[in-house]
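Novice: Would you mind keeping the following structure in view while I ask a few things?
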Amino acid sequence: MAIYADKKDGQVTGRWRVELQRAGERYRKRWDNHADAIEDEKRVLDAWARGESLKPAPAVQEEALPVNSLAATIQAAKGLLWDGDATTETNFARLGHIADILGKTTRLDEINTNSIDKLIQELAARGRAPATINRYLSHLRTFLVWAKKRGYRTKPVAGEDGISFGWKEEGEGRIRWITLGEEEKLKEYLPDNVWKLTKVAIETGCRRDELLTVEPGQINGTRLHLWNTKTKTPRTVPMSQETTRMLTELVKSKKMPTRRNLRSWWNRARTKMGLEDDKDFVFHACRHTRATRMVDAGINVFVIKEWMGHKRLETTLRYAHVKQQNLEDALVKVGDYFSKLEENPSIPTPFQVPHGAGGGGELANMSRAA
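Its first residue numbered 1, the sequence shown is counted upward by one per residue in UniProt numbering.
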């Protein structure tokens, strides 16, 4: 293994460094995540085994980039495109990956449907899921539309003469939540600040970037106010005293992990837990965990929807899947309720048959039709 955690001034940066050497030929390259580093190491070793000479492409200096090239326009878009969004850094990181694949010096007018095909194939080869590939395509399309309006690109992006983006069909995917046992392991393997962020995420169900960008003014007592959300709809999330204490400490002491630190430490913990092959065991599973535990606690699905900040109820229903045990518990509750009703008919019922609605047979038929 020739992959090392990248460091700067003695501190781990969250990136990974591939260093290989053979017979006077040396290969070095940095990657944002461990999986890409492993993939790159294998690619280089396979090439050397075939007798090929393979070196990383020399870095392109920003000042040497052609006008209207992909990399130059990405730089021009910073501070303008997605400005103020919680996901700005992630979006531009993905544009950077796209530039690496399509070529930093590629002019925007040269990007066409064939370019999209190449991008999709390369992302799929790197193990990206269909939903993730679609996020990359969405970011690229938004960027190209922005560039077209400002003259960086002259050719149309949409329409009959535009680009076909070949969106991937997204399945519902697996809803992965964190068990109590796994939560204990994370506490054991993660450094204190990363563990506290993880625990806050589990307790609040907030998205990663919603937490990483929290400012002191957003914490009001035991409430967290989120103004800049993925759905563009502000919401307020209640917190326990302990959760409030941990989040406040992270924010005020400036110990909040960076995205790279979080990704790096999470991947290390996942490996120690023997879950390196579980691609669904990601930080976002903390959010799934909150929704799942609320369902298990019998919280009304509409309350969960507001808590999680979903625009559509269908999204909440997907997160808040129903376990077999929940169904069995429902059977017991219904049986208990009607047993009590038989013993005491005066117990008020939550549903009253409207006057003139007919007998029980008609109501039963209506229920079956629904």
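Glycine residues also receive a C-beta, built at the ideal position from the N, C-alpha and C atoms.
Treat the numbers as computed from the prediction; the structure is a model and nothing was measured.
May I ask you to report which of helix, strand or coil DSSP gives residue 5?
Specialist: If DSSP states are grouped into helix, strand and coil, residue 5 belongs with the strands.
Novice: Should residue 239 and residue 222 be called a contact, given that it needs their Cβ atoms to be closer than 9 Å?
Specialist: A contact, by the Cβ cut-off of 9 Å.
Novice: Can you tell me whether residue 277 is buried or exposed, with buried defined as 16 or more other CB within 10 angstroms of its CB?
Specialist: Exposed.
Novice: Could you give the distance in angstroms between the alpha-carbon of residue 262 and the alpha-carbon of residue 197?
Specialist: Rounded to the nearest angstrom, the two C-alpha atoms are 9 Å apart.
Novice: Report yes if the C-beta distance between residue 89 and residue 131 is below 9 Å; otherwise report no.
Specialist: No, Cβ-Cβ distance for residue 89 and residue 131 is not below 9 Å.
Novice: Is residue 74 closer than 9 Å to residue 96 when the C-beta atoms are compared?
Specialist: Yes; because the gap between Cβ atoms is below 9 Å, this pair is in contact.
Novice: Between residue 4 and the rest of its own chain, which residues show a CB-CB distance below 6 Å, the 5 nearest in sequence each way excluded?
Specialist: Only 17 meet the Cβ criterion.
Novice: Would you mind reading off the limits of the beta strand (DSSP E) that contains residue 271?
Specialist: Element bounds for residue 271: not the beta strand (DSSP E) but the alpha helix (DSSP H), 259-272.
Novice: State the CB to CB distance for the pair residue 176 and residue 285, rounded to an integer number of angstroms; the pair is presumed to be in contact (CB under 8 Å).
Specialist: Between residue 285 and residue 176 the Cβ distance is about 5 Å, and since that is below 8 Å, they are a contact.
Novice: Measuring only the C-alpha atoms, how far is residue 49 from residue 83?
Specialist: Each residue's alpha carbon lies about 46 Å from the other.
Novice: Grouping DSSP H, G and I as helix and E and B as strand, with all else coil, what is residue 152?
Specialist: Residue 152 falls in the coil class under three-state DSSP.
Novice: Can you pull the DSSP bridge partners for residue 180?
Specialist: Bridge partners of residue 180: none, in fact.
Novice: Please state if the CB of residue 250 and the CB of residue 200 are separated by a distance shorter than 9 Å.
Specialist: Yes, these two residues count as a Cβ contact at 9 Å.
Novice: Measure the beta-carbon distance from residue 218 to residue 212 and round it to whole angstroms, keeping in mind my assumption that it falls under 8 Å.
Specialist: Not confirmed; about 12 Å, so no contact.
Novice: Could you pull the start and end residues of the alpha helix (DSSP H) that residue 89 belongs to?
Specialist: 88-102 is the span of the alpha helix (DSSP H), which, as asked, contains residue 89.
Novice: Answer yes or no: do residue 178 and residue 202 have a C-beta to C-beta separation smaller than 9 Å?
Specialist: Result yes, Cβ atoms of residue 178 and residue 202 sit closer than 9 Å.
Novice: Quick one: what's got a C-beta closer than 6 Å to residue 28's C-beta in the same chain, skipping five residues either side?
Specialist: Answer for residue 28: 19, listed in chain order.
Novice: State the Cα-Cα distance for the pair residue 236 and residue 182, rounded to the nearest angstrom.
Specialist: Spanning the two alpha carbons is a distance of roughly 28 Å.
Novice: Give every residue of the same chain whose Cβ lies closer than 7 Å to the Cβ of residue 154, excluding the five residues on either side of it in the sequence, and list them in chain order.
Specialist: Hits under 7 Å: 109.
Novice: Which residue wins for smallest C-alpha separation from residue 297, given the options 140, 330 and 78?
Specialist: The option with the nearest alpha carbon to residue 297 is 330.
Novice: Any idea which residues DSSP pairs residue 29 with across the strands?
Specialist: Looking at the DSSP assignment, residue 29 forms a beta bridge with 18.
Novice: If you draw a straight line from the C-alpha of residue 77 to the C-alpha of residue 333, how long is it?
Specialist: Whole-angstrom Cα-Cα distance: 57 Å.
Novice: Answer with buried or exposed for residue 52, where buried requires no fewer than 16 other C-beta atoms within 10 angstroms of its C-beta.
Specialist: Label assigned to residue 52: exposed.
Novice: Where does residue 158 land, buried or exposed, given buried means 16+ other C-beta within 10 angstroms?
Specialist: When all chains shown are included, residue 158 counts as exposed.
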